[in-house]
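*Asks:* Can you keep this structure in mind? I'll have questions shortly.
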Amino acid sequence: MKLVIFVSPLATLVTPLCLKIRDDGEMKMGTGRFPADHTTEESLPKHTIYMPVSPPANEKLPVVVWGNGGCVAYRTFLTEIASHGYIAISAGAPHRIGLSNPGMMTESIEWAAARAGRGRFATMDATRVVAAGQSCGGLEAYAMKNNSRVAALGIYDSGYLNDTDRAMTITKPVFYFLGGSSDVAYKNGERDYSNLPKSTPAWKGNQPVGHLGTFFQPNGGLFAIATVTWLDWMLKGNETSGEFFKGDGAATAGWSVESRNLDKIDVRTSR
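Take the sequence shown: its letters are residues -16 to -1, 1 to 255, numbered as in mature numbering (1 follows the signal peptide of the UniProt record, and there is no 0).
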């Protein structure tokens, strides 16, 4: 697999990097119980859907709506997520580059609500949704802070740009996955975590890997492992996974961690 990197001319503090993935061989289908791949749907144009190839008939699949970071293809990472029993919906058509926007994430959420339980999405559960994204995609996730369908926010290598006080209005649980001091968005994410209301459940973890995290490592690397663990707790009620964040599991895995109010999180489980 080769990475071709294009530096965007966008003059922002968090400089988006437009990456296009070239596959030099067979794409892996994740390490979870359900081998996964990507697909498209005519009723949701300009989006890519990652899901198990053979969805389990007896298990509902929660939804992850994902904001790409400056037209980055996150195929490896999102395929890994889907293989653990999730449907991940990413803005942007497969094998394309181009900037997305918060409206496309809202489209993903509304589409999931309308299609859940029907046809090949019979096992999709649109009552269990998180919004997440990397770099400028994290700003799209922030835009879902008042969406009642969204249980929590995942902010990856991101933070508000010059709006230094906007995090003060976030009440949903928010989890930050940052790349350490060499991450161009490190200071933004750190500031936002500090600015959250004191009552907001929040977790912040740093790995010293820089702005691109581990998304392009085999199966998404440490960021994918932590993300699956987060989702299993947040959307499936797995308390063992919850202890990774509430206990010392994340620190043992190399994350530098801060958190607060995690016991106040009302996880969403299958109805």
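Ideal Cβ positions, reconstructed from N, Cα and C, are used throughout, including at glycine.
1) Do you know how far the Cα of Lys156 is from the Cα of Arg244?
2) Touch check for the stretch 99 to 107 and the stretch 139 to 147: three-plus C-beta pairs under 8 Å?
3) Does Arg59 pass the burial test, meaning 16 or more other C-beta atoms within 10 Å, or should it be called exposed?
4) May I ask you to list the residues that DSSP assigns as paired with Pro36?
5) How many Å lie between Glu242 and Glu26 at the Cα?
6) Using the Cβ count rule (16 or more neighbours within 10 Å means buried), how would you classify Met152?
7) Look at the alpha carbon of Phe18 and the alpha carbon of Ser38, and state the distance between them as a whole number of angstroms.
8) Which same chain residues, not among the five before or five after Ser183, have their C-beta less than 7 Å away from its C-beta?
9) Can you tell me the Cα-Cα spacing of Asn172 and Ala41, whole angstroms?
10) Using three-state DSSP, classify Tyr144 as helix, strand or coil.
11) Taking Lys188 as part of the alpha helix (DSSP H), name the residues at either end of that continuous run.
12) Tell me, please, whether the stretch 61 to 75 touches the stretch 213 to 229 by the rule of three or more beta-carbon pairs shorter than 8 Å.
13) Which residue marks the beginning of the beta strand (DSSP E) containing residue 294, and which one marks its end?
14) Cα-Cα, which of Ser254, Tyr160 and His79 is closest to Ala115?
15) Pick out whichever of Gly231, Asp247, Asp21 and Gly51 has its Cα sitting closest to the Cα of Thr63.
16) On the three-state DSSP scale, how would you describe Glu242?
17) So, residue 256 versus Val49, is the Cβ gap smaller than 9 Å?
18) Taking 9 Å as the threshold (C-beta atoms), are Leu145 and Leu123 in contact?
*Replies:* The answer reads as follows:
1) 13 Å
2) no
3) buried
4) Ala20
5) 42 Å
6) exposed
7) 7 Å
8) Asn245
9) 42 Å
10) coil
11) Taken as a continuous stretch (DSSP letters only), Lys188 belongs to no alpha helix (DSSP H), being part of the beta strand (DSSP E) at Ala186 to Asn190.
12) yes
13) Residue 294 lies beyond the range of the chain shown here (-16 to 255); nothing can be said about it.
14) Tyr160
15) Asp21
16) strand
17) As shown, the chain starts at -16 and ends at 255. That puts residue 256 outside it, with no answer to give.
18) yes
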